[in-house]
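Quick note, the sequence shown lines up with residues 1175 to 1599 if you use this note's numbering. Shown next, in structure tokens, is the structure this report addresses.
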Amino acid sequence: MKNASSGGEPSLHDVLSLFKDRSGDETGGQHAVRGFSFQVWQAVLETLKAHATGEDYAVVLEWQQDIAVLDSSKQPTRVTFIQLKKNESTHHWTLNGLLAPPPAPAAKLVQATIDETGAPTAPKRRIAIRSRKLGQSPLAKLYFHRQRFSALTRPPELVFASNAPFYVGVGDDDQNETVTSVELCDLPAASVAKVQEAFRKQLEVPENEAIALDGFRLTVTNCPTEEAHKFAIGELVELCQLKKIEPQVNAPFIAICLVASYVQQRAGKRAYAKDFAGLLERAVTRTEVTQYFAAANDTHVRTQDLVEQVIARLNAEVADYEMVQEMEVAVNTACAEVTNRASVVWLTAQALVDLYVKNNQYKANGNLKARLPAWLADLRAMKVRDSHLYSNGFLYCLMAMTLKDAQPLRHLSTAATGSQPEAAS
1175 MKNASSGGEP SLHDVLSLFK DRSGDETGGQ HAVRGFSFQV WQAVLETLKA
1225 HATGEDYAVV LEWQQDIAVL DSSKQPTRVT FIQLKKNEST HHWTLNGLLA
1275 PPPAPAAKLV QATIDETGAP TAPKRRIAIR SRKLGQSPLA KLYFHRQRFS
1325 ALTRPPELVF ASNAPFYVGV GDDDQNETVT SVELCDLPAA SVAKVQEAFR
1375 KQLEVPENEA IALDGFRLTV TNCPTEEAHK FAIGELVELC QLKKIEPQVN
1425 APFIAICLVA SYVQQRAGKR AYAKDFAGLL ERAVTRTEVT QYFAAANDTH
1475 VRTQDLVEQV IARLNAEVAD YEMVQEMEVA VNTACAEVTN RASVVWLTAQ
1525 ALVDLYVKNN QYKANGNLKA RLPAWLADLR AMKVRDSHLY SNGFLYCLMA
1575 MTLKDAQPLR HLSTAATGSQ PEAAS
């Protein structure tokens, strides 16, 4: 997976922290979804769709917000380009609207004229108006991708997607109807010729070069223009319930936000990718999305459950009854305290993490029932400020969180993160 060392990209841990609070629930990071565009959420939906197939894939948010879906993250042979546009001014798209180039702004050209009086003054200036080169319509811009990848044995599939339907000629009588999906090649002959003529003019396609409209589709997207993240969450949950995405994603909000974040971070910023290799540099892949889902699931594990796993291990080791009982009494208080970022507990928690790292996880002490008392004795000897406020059972619970790499304590020391000691597994 791409990381900070390979291109300035934040680590998965850093990105994950944007979409959660320290308690590990799904309320944190709600504001962050506002930073993702309609196109980003469509790319997330395309990612979920591809992931559900079980096949390899790569999804890219290209320059100017077009989406590319490749059939492999290693050696792609096929690509689909999707252009997504909102229509908030009319109830539907017409063919004329889809083929109309944007208005060409006039360019100002400064010319000098000679003063007939011969006076030694600066030349007068007059403004001449010259038209700019004809712009490209939404459909022509999408067809440009097929030109870019014309060497492919199978030309790129092209999809123009929008929140509004299309009012075009369909059916046996070729009368205009409102439809939610249509292939350009299935339009009436006159409409097909009109599309081809517009592409040839706007893209300066030579007369001897054919313009094929096979595999070019207009469709209505199911991605809502507002609060699209909620729809994406629903899609992910449904795919999990249908067993099309496994294992189960237990924190879907965080999962889809991670995907959206990496899609946006890697998007093309200045120019289109020149080839498949360029697209893959900007892609999120199946392997990476699987990692995002796993990271999201990790945040969903309750801290209390992790502490209780350690208590169960101590019982299995026949630890002192008092140790286990003190932990059982303190577990709820300890788990609540580490959700309070203003608590005085953090100096003590940091000291425990530091001791854990310094003493090689107390492996030399043997079983867990021997490690925890030695660890506690070292902490008490340090006389950390405010640590006297906490009972032995409370501190044992903090140790359990450290052993299990619980989310609330994970920010204290990256050195403590890693393989778990066998006794705490």
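In this text, a Cβ means the ideal position worked out from N, Cα and C, and glycines have one as well.
**Q.** Neighbourhood of P1398 by C-beta distance below 7 Å, restricted to the same chain and skipping five residues each side
**A.** F1405
Q.
So, at 6 Å on beta carbons, what are the nonlocal neighbours of Y1231 in its own chain, with the 5 sequence-adjacent residues on each side left out?
A. A1224 and R1460
Q | Identity of the residue in L1553, V1243, L1313 and W1237 nearest L1222 by Cα | A | V1243
Q | Neighbourhood of V1394 by C-beta distance below 6 Å, restricted to the same chain and skipping five residues each side | A | The residues are P1339 and T1354.
Q) Mind checking whether the beta-carbon of V1253 lies closer than 8 Å to any heavy atom of the ligand FMN? A) Absence of the ligand FMN is noted for the structure shown, with no ligands found whatsoever.
Q. Which of helix, strand or coil does DSSP assign to A1551?
A. Looking at A1551 - three-state DSSP - the assignment turns out to be helix.
(Q) Within 10 Å of its beta-carbon, does P1582 have 16 or more other beta-carbons around it, so buried, or fewer, so exposed? (A) buried
Q.
Using a Cβ-Cβ cutoff of less than 6 Å, which residues in the same chain neighbour Q1524 once the five nearest sequence positions on both sides are dropped?
A. L1586
**Q.** For G1271, the first and last residue of its enclosing beta strand (DSSP E)
**A.** Looking at the DSSP string, G1271 is not in any beta strand (DSSP E); the run it does join, the alpha helix (DSSP H), is L1269 to L1273.
Q.
Once DSSP output is grouped into helix, strand and coil, what is the label at D1230?
A. coil
Q | Where the alpha helix (DSSP H) containing E1256 begins and where it ends | A | Here residue 1256 is Ile; the residue named in the question, Glu, does not match the sequence. Per DSSP, I1256 is not a residue of any alpha helix (DSSP H); the beta strand (DSSP E) it occupies stretches across V1253 to K1259.
Q) For the stretch 1424-1439 against the stretch 1463-1482, are there 3 or more C-beta pairs whose distance is under 8 Å? A) yes
Q) Beta carbon of A1335, beta carbon of K1259: below 9 Å? A) yes
Q: Hey, could you find the ends of the beta strand (DSSP E) V1342 is sitting in?
A: F1340 to V1344
Q) By Cβ distance below 8 Å, which residues in the same chain neighbour L1569 in space, the five residues on each side in sequence not counted? A) T1522, L1526, L1550, L1553 and S1561
Q: Report back the beta-carbon spacing between A1226 and V1437 to the nearest angstrom; my notes put them in contact at under 8 Å.
A: With 8 Å as the limit, A1226 and V1437 do not qualify as a contact, their Cβ atoms being about 17 Å apart.
Q.
Within the continuous alpha helix (DSSP H) that includes R1559, where are the two ends?
A. No alpha helix (DSSP H) holds R1559; DSSP gives it neither H nor E.
Q: Pick helix, strand or coil for R1487, following the three-state DSSP scheme.
A: helix
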